[in-house]
Amino acid sequence: MSNSEKLHARRSAAVARGIGSTITSYVERASGGTITDVDGREWIDFAAGIAVTSVGNAAPMVVAAVREQVERFTHTCFMVAPYESYVAVCEQLNELTPGSFEKRSALFNSGAEAVENAVKIARYATGRSAVVVFDHGYHGRTNLTMALTAKVMPYKQGFGPFAPEIYRAPMSYALRDGGLDGKTAASRAIDMISSQIGAANVAAIVIEPIQGEGGFIVPAPGFLSALAEWARANGVVFIADEIQTGFCRTGDWFASEHERIEPDLITTAKGIAGGLPLAGVTGRAELMDSVHVGGLGGTYGGNPIACAAALASIDTMRAHNLAGAARRIGSVITDRLSLLAARHPEIAEVRGRGAMIAVELVEPGTINPNPTVTAAINRACHEAGLLTLTCGTYGNVFRFLPPLVMDDETLNRGLDILDSAFARVLA
Ligand SMILES: *Cc1c(COP(=O)(O)O)cnc(C)c1O
83 MSNSEKLHAR
93 RSAAVARGIG
103 STITSYVERA
113 SGGTITDVDG
123 REWIDFAAGI
133 AVTSVGNAAP
143 MVVAAVREQV
153 ERFTHTCFMV
163 APYESYVAVC
173 EQLNELTPGS
183 FEKRSALFNS
193 GAEAVENAVK
203 IARYATGRSA
213 VVVFDHGYHG
223 RTNLTMALTA
233 KVMPYKQGFG
243 PFAPEIYRAP
253 MSYALRDGGL
263 DGKTAASRAI
273 DMISSQIGAA
283 NVAAIVIEPI
293 QGEGGFIVPA
303 PGFLSALAEW
313 ARANGVVFIA
323 DEIQTGFCRT
333 GDWFASEHER
343 IEPDLITTAK
353 GIAGGLPLAG
363 VTGRAELMDS
373 VHVGGLGGTY
383 GGNPIACAAA
393 LASIDTMRAH
403 NLAGAARRIG
413 SVITDRLSLL
423 AARHPEIAEV
433 RGRGAMIAVE
443 LVEPGTINPN
453 PTVTAAINRA
463 CHEAGLLTLT
473 CGTYGNVFRF
483 LPPLVMDDET
493 LNRGLDILDS
503 AFARVLA
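Residue numbers (this note's numbering): 83 to 509.
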């Protein structure tokens, strides 16, 4: 029995079945682009722990900052006895997020918690209750965020009833909406909102600037800006969920910058702290400060070790220009995938931005999703030591999320494996 098999046996007897894992190998250590398992096998990491370890795993500056902090103090609770690093992370968030207006931030533990709090703030500030989300959207697994999330399996099945006053509008998804331009797709969503909910009842629109779990869906140009404009005109809080897209992943600090939109609130998590659990809500001071003292918080939110890791991650992103690195990685991946797409009619589309790139697989000559082939290629990649992830409402999208510090040699070795996996499965 391999070491991983032994661990797997222990896991099956101890860990709840509802927690899944992409691979059956167990991790010994990880770096800026590879993972070594407990049997000494090396994996090329195209997952980054779901877009989390953008600065690399165990990144040197993060390790040093965490060490320094863990020896000074591990927790006081910011709501009990505050400390500087929490304030410093909020200052960084206020500075780095789009929007030239006065901002405030609040820190939490997970992406779902950040989204929940953004909705709380928007409802409080507007006195309205309805929240608009989009087809294929993903916002988390807590009760409110399950309601905000579109896909039933595996996220919602059997876990209802869900929170009320959540409404789902059509997304802009060129491959599957007949190629509607952004303005037209936005009008379609706005018509639905106006006729079925009423603008005056809407507290917030919550949208991922590029959808993550839903399939790396990039809305047509003009879609987000038209929605943001409508929200502003109607007193609706525009919340950009940048939990997956934020912190250099798409080649800018935040994906909202690409369309020059200035969201009223932005939620962040994943890439923010080099793997430590931290999340934030950042936005207009008048919205954030509308809530009474004590109305926001949590025992662990903005934990000092996570804050130290975030400050070191942000320093690393600046020092190594990881936004630029994301654009470079993206162009290497896109070039290789385009060659692949020319050979394999199963690839309907290569899309994404920066180091957030995906291919959507279909039955050749149609747009019918092809989850079977997607799963087979995914397995072939894993067998050959490349850690890949799938996503998409129909489970037919391959997504590539390497750490932004991955070197070109490792990246190309990973893409070679992918290339062979396609050839093997589709031969
Ligand atoms: C991952 C993700 C979340 C949820 O974050 P958790 O930390 O898993 O709670 C919310 N929104 C988006 C866009 C995400 O990608």
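Note that CB positions come from ideal geometry on N, CA and C, so glycine has one too.
How is the beta strand (DSSP E) around residue i delimited, first residue to last?
{"i": "residue 206", "result": "No beta strand (DSSP E) contains residue 206, which is instead part of the alpha helix (DSSP H) from 193-208."}
{"i": "residue 213", "result": "212-216"}
{"i": "residue 249", "result": "248-251"}
{"i": "residue 185", "result": "185-190"}
{"i": "residue 112", "result": "109-112"}
{"i": "residue 473", "result": "471-473"}
{"i": "residue 479", "result": "479-482"}
Would the beta-carbon of residue i fall within 9 Å of that of residue j?
{"i": "residue 242", "j": "residue 231", "result": "no"}
{"i": "residue 146", "j": "residue 356", "result": "no"}
{"i": "residue 284", "j": "residue 323", "result": "no"}
{"i": "residue 223", "j": "residue 237", "result": "yes"}
{"i": "residue 318", "j": "residue 281", "result": "yes"}
{"i": "residue 469", "j": "residue 128", "result": "yes"}
{"i": "residue 160", "j": "residue 189", "result": "yes"}
{"i": "residue 471", "j": "residue 104", "result": "yes"}
{"i": "residue 292", "j": "residue 180", "result": "no"}
{"i": "residue 267", "j": "residue 313", "result": "no"}
{"i": "residue 383", "j": "residue 175", "result": "no"}
{"i": "residue 296", "j": "residue 228", "result": "no"}
{"i": "residue 191", "j": "residue 328", "result": "no"}
{"i": "residue 404", "j": "residue 137", "result": "yes"}
{"i": "residue 419", "j": "residue 132", "result": "no"}
{"i": "residue 203", "j": "residue 373", "result": "yes"}
Out of the options, state which residue places its alpha-carbon closest to the alpha-carbon of residue i.
{"i": "residue 311", "options": "348, 265 and 328", "result": "265"}
{"i": "residue 332", "options": "433, 238 and 388", "result": "433"}
{"i": "residue 109", "options": "90, 97 and 101", "result": "90"}
{"i": "residue 351", "options": "369, 343, 388 and 377", "result": "388"}
{"i": "residue 512", "options": "117, 150 and 481", "result": "It is not possible to answer for residue 512, since the shown part of the chain is limited to 83 through 509."}
{"i": "residue 207", "options": "383, 497, 113 and 369", "result": "369"}
{"i": "residue 152", "options": "277, 385 and 183", "result": "385"}
{"i": "residue 259", "options": "365, 217, 144 and 390", "result": "217"}
{"i": "residue 316", "options": "275, 329, 412 and 410", "result": "275"}
{"i": "residue 244", "options": "226, 451 and 425", "result": "226"}
{"i": "residue 182", "options": "347, 424, 229 and 435", "result": "347"}
{"i": "residue 413", "options": "493, 430, 465 and 114", "result": "493"}
{"i": "residue 505", "options": "459, 467 and 490", "result": "459"}
{"i": "residue 100", "options": "240, 246, 144 and 490", "result": "240"}
{"i": "residue 462", "options": "191, 503 and 496", "result": "503"}
{"i": "residue 165", "options": "87, 373 and 390", "result": "390"}
{"i": "residue 195", "options": "130, 304 and 359", "result": "359"}
{"i": "residue 430", "options": "455, 306 and 143", "result": "455"}
{"i": "residue 171", "options": "397, 381, 138 and 410", "result": "397"}
{"i": "residue 401", "options": "487, 126 and 86", "result": "487"}
{"i": "residue 306", "options": "263, 423 and 294", "result": "263"}
{"i": "residue 246", "options": "255, 279, 235 and 256", "result": "279"}
Can you tell me where the alpha helix (DSSP H) holding residue i begins and where it ends?
{"i": "residue 272", "result": "264-278"}
{"i": "residue 31", "result": "Outside the shown range of the chain, which is 83 to 509, sits residue 31, and nothing can be said about it."}
{"i": "residue 508", "result": "490-508"}
{"i": "residue 515", "result": "No answer is possible for residue 515: the residues shown for the chain start at 83 and end at 509."}
{"i": "residue 367", "result": "367-370"}
{"i": "residue 126", "result": "Unbroken run through residue 126 is the beta strand (DSSP E), 124-127; no alpha helix (DSSP H)."}
{"i": "residue 149", "result": "142-154"}
{"i": "residue 92", "result": "85-96"}
{"i": "residue 232", "result": "Counting along the chain, residue 232 falls outside any alpha helix (DSSP H), and DSSP gives it neither H nor E."}
{"i": "residue 117", "result": "It is not in any alpha helix (DSSP H) - residue 117 instead sits in the beta strand (DSSP E) that spans 116-119."}
{"i": "residue 103", "result": "Per DSSP, residue 103 belongs to no alpha helix (DSSP H) and is neither H nor E."}
{"i": "residue 169", "result": "166-178"}
Which runs of the beta strand (DSSP E) fall wholly inside the stretch 306-362 and span at least 3 residues, in chain order?
-> 319-323 and 347-350
Which runs of the beta strand (DSSP E) spanning at least 3 residues fall entirely within the stretch 382-445, listed in chain order?
-> Listed in chain order, the complete beta strand (DSSP E) runs (minimum 3 residues) inside the stretch 382-445 are 429-435 and 438-443.
Can you pull every residue whose C-beta falls closer than 5 Å to some heavy atom of ligand 1, listed in chain order?
-> A Cβ closer than 5 Å to some heavy atom of ligand 1 marks a residue here, and those residues are 192, 193, 194, 221, 222, 290, 294, 323, 325, 326 and 351.
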